[in-house]
Amino acid sequence: MLAKLQSLLATTQSPQPTTPEPSKDTGQAAAAQPELLQGLGRRARRPTNTTVSSESTVDSDFNISFEQQQQQRLLSKREQRQLVAHRLPDIQRLSRLHPVSKVLQQTEWDCGLASVCMVLRSFGQATCTVLQLERDVQTQSVWTIDLAFLLRRHLPDHADFTYYTTCVGVNPQHASSEFYSMEIDEDFSRVIALFSKARVEQLVQIVEVKISLLDLKRFLVHRRYVALLLVDSRWLACVDCEQKQQARGRHKRSLSEMSRLGHRGVLGWLARRRISNAGFVGHYVLLIAYIPSLDMFVYRDPAIPEEFCLASALAVDAARSCPGTDHDCIIVKL
Numbered sequence: 014m015l016a017k018l019q020s021l022l023a024t025t026q027s028p029q030p031t032t033p034e035p036s037k038d039t040g041q042a043a044a045a046q047p048e049l050l051q052g053l054g055r056r057a058r059r060p061t062n063t064t065v066s067s068e069s070t071v072d073s074d075f076n077i078s079f080e081q082q083q084q085q086r087l088l089s090k091r092e093q094r095q096l097v098a099h100r101l102p103d104i105q106r107l108s109r110l111h112p113v114s115k116v117l118q119q120t121e122w123d124c125g126l127a128s129v130c131m132v133l134r135s136f137g138q139a140t141c142t143v144l145q146l147e148r149d150v151q152t153q154s155v156w157t158i159d160l161a162f163l164l165r166r167h168l169p170d171h172a173d174f175t176y177y178t179t180c181v182g183v184n185p186q187h188a189s190s191e192f193y194s195m196e197i198d199e200d201f202s203r204v205i206a207l208f209s210k211a212r213v214e215q216l217v218q219i220v221e222v223k224i225s226l227l228d229l230k231r232f233l234v235h236r237r238y239v240a241l242l243l244v245d246s247r248w249l250a251c252v253d254c255e256q257k258q259q260a261r262g263r264h265k266r267s268l269s270e271m272s273r274l275g276h277r278g279v280l281g282w283l284a285r286r287r288i289s290n291a292g293f294v295g296h297y298v299l300l301i302a303y304i305p306s307l308d309m310f311v312y313r314d315p316a317i318p319e320e321f322c323l324a325s326a327l328a329v330d331a332a333r334s335c336p337g338t339d340h341d342c343i344i345v346k347l
């Protein structure tokens, strides 16, 4: 009888709840700084080089915010504008504290040189100018491989960067593009020679692959890397710039406003607003940060006077994936 009673008690008692000890990653996430300011005052864990990282290298705060990214895509445009406006002061502070400062292009063709100049200045070369790089590159038909060699020539030997592209060489499909057609025959031998030199002398690390959007986010989330992207400028628009224009009640800047921006501001604005019905319009921008809760990239656009620009990850991905870009991307470790 006693044994039967003990058996009955054992089956009716519920197990005592146990509280697992927090994992190391969970503790780090709980103690993390606000998302936008992460990495500004401390050194974040990151991949050891600029080659594509594996999934295991993603930090806990990135994983936590991934669900927020999915929710963000469901927001209406009005809700998205409100969210961006709410976070704008933090984004402005991020831009001010970021080691890569803004450099404006001087003409409509030197956006790539201006982007390289931004990177070089972040490595302590404060006197670097776009004009100096123009004399160095010795061509006005600048390809991404030209920019990679400029970085190799002027960065310290220990500097780490990787050039990702889906076409090592000259893509024959570009011959039919109006953007390339005038210079492609003249540039062919020079560009092929640079790719060959990079391979034989191992001067530039080139990976023939399209870097995924997720890997791009991983590199940019802690602001310890920047990404120099070739995009089709017709598909990339700054969310913050558009909101400012709408707030002023017009979609185009007046001549008086453009005159206040000065010569470089006018060049930048015209370079950005090229003929919309034309074909591919190549343009280089420099991604400096990724904000998971907004699912947006912060970037420097050398064509416009604003200190920073903001675009959704989907917009950036569309702009870098257009025919004509070859998905060219240079990841630089700061």
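For the sequence shown, position 245 matches number 258 in my numbering, and the numbering has no gaps at all.
Cβ atoms here follow ideal geometry from the backbone N, Cα and C, with glycine treated the same way.
What is the residue span of the beta strand (DSSP E) that residue i lies within?
i: residue 329; result: Premise fails: residue 329 lies in the alpha helix (DSSP H), 326–333, not in any beta strand (DSSP E).
i: residue 181; result: Here residue 181 belongs to no beta strand (DSSP E), and DSSP marks it neither H nor E.
For residue i, which residues does DSSP report across the bridge?
i: residue 175; result: 344
i: residue 304; result: 309
i: residue 297; result: 243
i: residue 322; result: 312
So for residue i, helix, strand or coil by DSSP?
i: residue 336; result: coil
i: residue 239; result: strand
i: residue 133; result: helix
i: residue 273; result: Note on residue 273: pLDDT 41, under 50, position unreliable in the model; no value is reported.
i: residue 249; result: coil
i: residue 286; result: Model confidence at residue 286 stands at a pLDDT of 46, short of 50, so the residue's coordinates are unreliable and nothing is read from them.
i: residue 55; result: For residue 55, the predicted structure reports a pLDDT of 36, less than 50, and the residue's modelled location is therefore unreliable. A value from the coordinates is still provided. Coil, per DSSP.
i: residue 113; result: coil
i: residue 93; result: helix
i: residue 108; result: helix
i: residue 125; result: helix
i: residue 98; result: helix
i: residue 256; result: helix
i: residue 103; result: helix
i: residue 139; result: coil
i: residue 265; result: Legend: pLDDT at residue 265 = 49, less than 50; position of this residue unreliable, value from coordinates given subsequently. Of the three classes helix, strand and coil, the one that applies to residue 265 here is coil, per DSSP.
i: residue 292; result: coil
i: residue 153; result: coil
i: residue 45; result: A caution first: residue 45 carries a pLDDT of 39, below 50, which makes its placement in the model unreliable, though a value can still be read off. Residue 45: coil per DSSP, three-state reduction.
i: residue 190; result: coil
i: residue 119; result: coil
i: residue 79; result: Because residue 79 carries a pLDDT of 48, less than 50, the predicted location of this residue cannot be relied on, and the following value inherits that uncertainty. DSSP places residue 79 in helix when its eight states are reduced to three.
When the distance is taken between beta carbons, is residue j closer than 8 angstroms to residue i?
i: residue 114; j: residue 315; result: no
i: residue 345; j: residue 204; result: no
i: residue 244; j: residue 183; result: no
i: residue 218; j: residue 178; result: no
i: residue 302; j: residue 233; result: yes
i: residue 97; j: residue 116; result: no
i: residue 158; j: residue 126; result: no
i: residue 309; j: residue 334; result: no
i: residue 112; j: residue 347; result: yes
i: residue 294; j: residue 246; result: yes
i: residue 339; j: residue 180; result: yes
i: residue 249; j: residue 161; result: no
i: residue 163; j: residue 146; result: yes
i: residue 241; j: residue 317; result: no
i: residue 122; j: residue 153; result: yes
i: residue 313; j: residue 195; result: no
i: residue 256; j: residue 94; result: yes
i: residue 198; j: residue 156; result: no
i: residue 292; j: residue 190; result: yes
i: residue 307; j: residue 106; result: no
i: residue 252; j: residue 64; result: no
State the start and end residues of the unbroken alpha helix (DSSP H) segment that holds residue i.
i: residue 161; result: 157–167
i: residue 230; result: 226–233
i: residue 149; result: 143–150
Q. For the region 195–224, which segments carrying the alpha helix (DSSP H) assignment without a break, of at least 4 residues, lie completely within its bounds, in sequence order?
A. 197–214
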